[in-house]
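Colleague: Below you will find the structure I want to go over with you.
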Amino acid sequence: MKISRRTFLHTSATAAATVVGGCMTASPVAPASIIDTHVHFYDPSRPKGVPWPPAKDALLYRTVLPKDYRALPVAQAVEGVIVVEASPWVEDNQWVLDLAAREPLIVGMVGNLPLGTPEFAGHLARFAANPLFKGVRIRRGSLEAQLTDPAFLRDLREVARRGLCFDVHSSPEWLANAERLALAIPELRLVINHVAGAQVTGNPPDKKWLRMIDSLARHPQVFMKVSGLVEGTRCRLGDAPTDPAYYAPVLDALWERFGADRLIYGSNWPVSGRNAQLATVQGLIMANFSCKGRDVLDKIFWKNARTAYG
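Per the working numbering, the sequence shown starts with residue 1284, numbered consecutively.
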């Protein structure tokens, strides 16, 4: 069942009109387009299966493809997505690119390649030849240790030289060292994933988290992905709060530090489905920023993605 766009936008605007983020709006505002910069597609039914998600995960361990994403009810249809590869298997990058060749919904991918290894340069040259390959992300290992590895830094400099970006995994250990990476390779665009792991409680954010995003925001090449928001509530039964004001303290803090030009919308679907429906994820962010006007919504929902991902 589809949600009426008019009804949803009216609801979002009404929520925003109750003091959200210190400002008010009384009229529905929506972006001209939406690019969702953080989704995952995979198929456990393949002959070799998938390394992620694990088979014991009842929600995620299923075939997840663009048709499944498009079938979800949302207020405003998404025109394109960026797939962020969670699998460490190199050939799964090709699987996504082959899928993208058949699926116009996919406008880019962030690959998963073994940085700091002798094989990396060849893998990067291979995949970067495809214009849909926009950057890399890894989830394994210690960023603190890898920042002392000349091969790791060499490979990331090559990522920067090719005009690609590096998505920073949102684990606390990685985020604690992200500023060191920004200082080490200032020409590399960094996209911090999942609101830097913020805990969302409806109250002012943790001071340690605020200090961390203060340090990251000082670097103009660092972008903040407004994804993982409902995950930050720790509500794991699809029952994350739907009141936009509950998320305002975190989003206000990000707005104050990163402004209109370095915040980027992402859903983290299907992982976000553990906490809330996709329509809720989209609507919460739209409601919190709609009071800032159409230009700001356009930047957060699609224009900044074009800047960060090329």
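Using N, Cα and C, we set each Cβ at its ideal position, and we do this for glycine too.
1. Quick one: what's got a C-beta closer than 8 Å to Thr-1346's C-beta in the same chain, skipping five residues either side?
2. I'd like the list of long-range same chain contacts for Gln-1429, defined as Cβ closer than 8 Å, with 5 residues on each side in sequence excluded.
3. By how many angstroms is the C-alpha of Val-1474 removed from the C-alpha of His-1321?
4. I'd like to know whether the C-beta atoms of Leu-1512 and Ile-1568 end up nearer to each other than 8 Å.
5. Give the range of the alpha helix (DSSP H) segment to which Phe-1572 is assigned.
6. Using a 10 Å radius around the Cβ and a threshold of 16 neighbouring Cβ atoms, would you call Thr-1431 buried or exposed?
7. If you count every other CB in all the chains shown that lies within 10 Å of the CB of Pro-1433, and 16 or more means buried, which is it?
8. Would you mind sorting Gly-1515 into buried or exposed? The rule is 16 or more other CB atoms within 10 Å of its CB.
9. Enumerate in chain order the residues of its own chain whose CB-to-CB distance from Arg-1409 is below 8 Å, with the five nearest sequence positions on each side excluded.
10. In angstroms with no decimal places, state the Cα-to-Cα distance between Pro-1488 and Ala-1536.
11. Starting from Asp-1319, trace the beta strand (DSSP E) in both directions and tell me its first and last residue.
12. Short of 8 Å in beta carbon distance, which residues of its chain neighbour Ala-1315, apart from the five on each side in sequence? Order them along the chain.
13. Out of curiosity, what's the CA-to-CA distance linking Val-1533 and Asp-1544?
14. Take the Cβ of Ile-1331 as the centre, count every other Cβ of all protein chains shown within 10 Å, and call the residue buried at 16 or more, exposed below.
15. According to the neighbour-count rule (16 or more other Cβ atoms, all chains shown, within 10 Å of its Cβ), is Ala-1384 buried or exposed?
16. Taking 8 Å as the cut-off, decide whether the C-beta atoms of Gly-1549 and Lys-1508 are in contact.
17. Report yes if the C-beta distance between Arg-1463 and Arg-1519 is below 8 Å; otherwise report no.
18. For Thr-1525, which residues from the same chain have a beta carbon less than 7 Å from its beta carbon, with the 5 sequence-adjacent residues on both sides left out?
19. With a threshold of 8 Å on Cβ separation, who are the neighbours of Ile-1421 within its own chain once the five nearest residues in sequence on each side are excluded?
20. Using DSSP with H/G/I as helix, E/B as strand and the rest coil, what is Arg-1440?
21. Compute the beta-carbon to beta-carbon distance between Val-1419 and Val-1442, rounded to the nearest angstrom, for a pair I have assumed lies under 8 Å.
22. With a threshold of 6 Å on Cβ separation, who are the neighbours of His-1477 within its own chain once the five nearest residues in sequence on each side are excluded?
23. Going by DSSP, which residues form a beta bridge with Trp-1552?
24. Under 7 Å: does the beta carbon of Asp-1522 sit that close to some heavy atom of the ligand NAD?
25. List the residues that DSSP assigns as beta-bridge partners of Val-1357.
26. Whole alpha helix (DSSP H) runs in the segment 1375-1419 with 4 or more residues, listed along the chain?
27. For the alpha helix (DSSP H) holding Asp-1578, just list the boundary residues, first then last.
28. Assign Gln-1482 to one of two classes, buried (16 or more other C-beta atoms within 10 Å of its C-beta) or exposed (fewer than that).
29. Report yes if the CB atom of Tyr-1352 is closer than 8 Å to the CB atom of Trp-1552, and no otherwise.
30. From what residue to what residue does the alpha helix (DSSP H) around Val-1533 run?
31. In this structure, does DSSP put Leu-1499 in helix, strand or coil?
Modeller: Taking the definition as stated:
1. Tyr-1325, Asp-1326, Pro-1327, Ser-1328
2. Leu-1398, Gly-1399, Phe-1435
3. 11 Å
4. yes
5. 1561-1572
6. exposed
7. exposed
8. buried
9. none
10. 8 Å
11. 1318-1322
12. Arg-1577, Asp-1581, Trp-1585
13. 17 Å
14. With the sequence shown as reference, residue 1331 is identified as Lys, and Ile is not the correct amino acid for it. It counts as exposed.
15. exposed
16. yes
17. no
18. Thr-1563
19. Pro-1371, Asn-1395, Leu-1396, Pro-1397, Leu-1398, His-1452
20. helix
21. 6 Å
22. Ser-1453, Ser-1510, Gly-1511
23. Val-1322
24. Absence of the ligand NAD from the depicted structure is noted, as is the absence of any ligand whatsoever, leaving it without description.
25. Val-1357 is not bridged to any residue.
26. 1403-1411
27. 1577-1581
28. exposed
29. yes
30. 1531-1541
31. helix
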